[in-house]
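Numbering (the working numbering), first residue to last: 2 to 373.
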């Protein structure tokens, strides 16, 4: 058996290998203490049952995230499925009998930098693509503008992958863009008649390539930088925030994944200094519309009020709600299965993330005229 993670997004440390069993450890983000994302390749021509033990998961950022969690695996990196996984409070054990010599294992269905570049290259034929910022390591942060900016149009902003390992956000963005660029979709066409849409598909390309959970190349959690971003340590936030100040914002959605809660939910902080009844009404109206549009969304489970109050305006959603007097929400998807609608084969997946994005567009349609 041979194990390695020397590829885009890879993360694992091999401690020892004995026959078809191995002890592994998840590496922390560069210059930071965050750890949870893993992605590695096992080559074992014998096709015997494999027993892989990740020994340091109890010291990861979200140890409760391992409860009822099942790892994903693939032989071709295109089709991913859940495999038997146990957590004993200290170790995470993966048990799988491969059907081919090479098997990839990951925390969630990966989204490579090459796929991202292909996505941007194809998208440029249908909408405006600009570079709004450059990451710490020189990778471009693209800004997609869908629709034509007019004084009467609402300005809708979406960003994704502030936290590098929250891969479902990239699959969501693919679904969002596909829905918005469908010229035969009446919901999208009506939305674009009333709004211009700005999308930053990937806020943290450096962290993603390096196999991080949260941090950028400087060890910074980008979603704690919005009140006063450092242009050297967090240029990604500094420049995207400036672009928002230039364009204005009437609606903002920050796309994330939650390690612990096995549901899709929205989060917003009603305790920010200027939060108004109007913002509350519109946020609740969007939540109800999304509940009607998507069977995967729910409102029973999520963060308690005040969950992020100590960090307040450093978070994107809170800062933007306060700065622009607009609806600013965080959408969370699970790393586990969706407990309300489980899928034993794939759990929460890339496909379901993309379909959720289409539902978000449907939910937004009737509310756009009320945003300003």
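Glycine is no exception: its CB is placed at the ideal position from the N, C-alpha and C atoms.
- request: Decide if residue 60 is buried, meaning its Cβ has at least 16 other Cβ atoms within 10 Å, or exposed.
  value: Exposed, because fewer than 16 other Cβ atoms sit within 10 Å of the Cβ of residue 60.
message: Which residue marks the beginning of the alpha helix (DSSP H) containing residue 247, and which one marks its end?
response: 236-248
Residue 72, enclosing beta strand (DSSP E) - first and last residue: Run containing residue 72: none; DSSP gives neither H nor E here.
query: Where DSSP assigns a beta bridge to residue 199, which residues make up the other side?
result: Per the DSSP secondary-structure output, residue 199 pairs in a beta bridge with 146 and 158.
message: The alpha helix (DSSP H) that contains residue 321, what's its start and end?
response: 317-325
message: Please report the distance separating the alpha-carbon of residue 349 from that of residue 107.
response: Computed Cα separation, rounded: 13 Å.
Span of the beta strand (DSSP E) around residue 133: 129-135
- prompt: Going along the chain, which unbroken runs of the beta strand (DSSP E) with 3 or more residues stay wholly within the stretch 268-301?
  reply: none
- request: Have a look at the DSSP bridge pairing and note the partners of residue 115.
  value: Answer is none; residue 115 lacks a bridge partner.
Close-in-space but distant-in-sequence residues of the same chain around residue 230 (CB under 7 Å, 5 per side omitted): Only residues of its own chain outside the window of five on either side were considered, and among them 238, 239 and 242 have a CB closer than 7 Å to the CB of residue 230, listed in chain order.
query: Thinking just about the alpha-carbon of each residue, which of 70, 2, 209 and 87 is nearest to the one in residue 116?
result: For the set 70, 2, 209 and 87, the Cα lying nearest the Cα of residue 116 is the one of 209.
task: Classify residue 83 as helix, strand or coil using the three-state DSSP reduction.
output: strand
message: Quick check on the DSSP output: what are the complete beta strand (DSSP E) runs of length 3 or more inside the stretch 15-74, in order along the chain?
response: 22-26, 40-44 and 51-55
query: Taking the alpha helix (DSSP H) that residue 1 falls in, what are its first and last residues?
result: Any question about residue 1 goes unanswered here, given that the chain covers just 2 to 373.
- prompt: For residue 145, which option in 152, 305 and 132 has the closest C-alpha, if you only look at C-alpha atoms?
  reply: 132
Cβ neighbours of residue 172 in the same chain (closer than 6 Å, five flanking residues each side left out): In chain order, 351, 354 and 355 place their CB closer than 6 Å to the CB of residue 172, counting only its own chain and leaving out the 5 sequence neighbours on each side.
message: So the candidates are 257, 16 and 248; which of them puts its Cα closest to the Cα of residue 151?
response: Nearest option by C-alpha distance: 248.
message: So, under 8 Å CB-CB, residue 74 and residue 105 are touching, yes? Tell me the CB distance rounded to an integer number of Å.
response: 7 Å
message: Checking 9 Å against the spacing of the C-beta atoms, do residue 88 and residue 58 come in under that value?
response: yes
query: Mapping DSSP to helix, strand and coil, what is residue 170?
result: helix
query: If we count the other Cβ atoms within 10 Å of its Cβ and call it buried at 16 or more, is residue 1 buried or exposed?
result: With the chain running from 2 to 373 in the structure shown, residue 1 is simply not present.
task: Rank 36, 28, 29 and 3 by C-alpha distance to the C-alpha of residue 20 and give the top, closest one.
output: 3
query: Looking only at its own chain, which residues have a Cβ that is under 7 Å from the Cβ of residue 271, when we skip the five neighbours before and after it?
result: Excluding the 5 residues flanking it on each side, residue 271 has same chain C-beta neighbours closer than 7 Å at 281 and 306, in chain order.
query: Tell me the DSSP bridge mates of residue 255?
result: 160 and 331
message: Check this for me: beta carbons of residue 290 and residue 363, under 9 Å apart or not?
response: yes
- prompt: Touching or not, the stretch 322-335 and the stretch 262-269, by the rule of three or more beta carbon pairs under 8 Å?
  reply: Output reads yes: the stretch 262-269 touches the stretch 322-335.
query: Which residues bound the alpha helix (DSSP H) around residue 107?
result: No alpha helix (DSSP H) contains residue 107, which is instead part of the beta strand (DSSP E) from 103-107.
query: Ends of the beta strand (DSSP E) at residue 97?
result: 93-97
Own chain partners of residue 78 with C-beta closer than 7 Å, once the 5 adjacent residues on each side are dropped: 105
- request: Reducing DSSP to helix, strand and coil, say where residue 1 ends up.
  value: What the structure shows of the chain is the stretch from 2 to 373, and residue 1 is not part of that stretch, so it cannot be assessed.
Exposure label - residue 126; buried when at least 16 CB within 10 Å: For residue 126, the number of other beta carbons within 10 angstroms of its own is below 16, and it is reported as exposed.
task: Look up residue 12 in the DSSP assignment and give the residues it is bridged to.
output: 40
- prompt: Using the C-alpha atoms, what's the distance from residue 48 back to residue 233?
  reply: 48 Å
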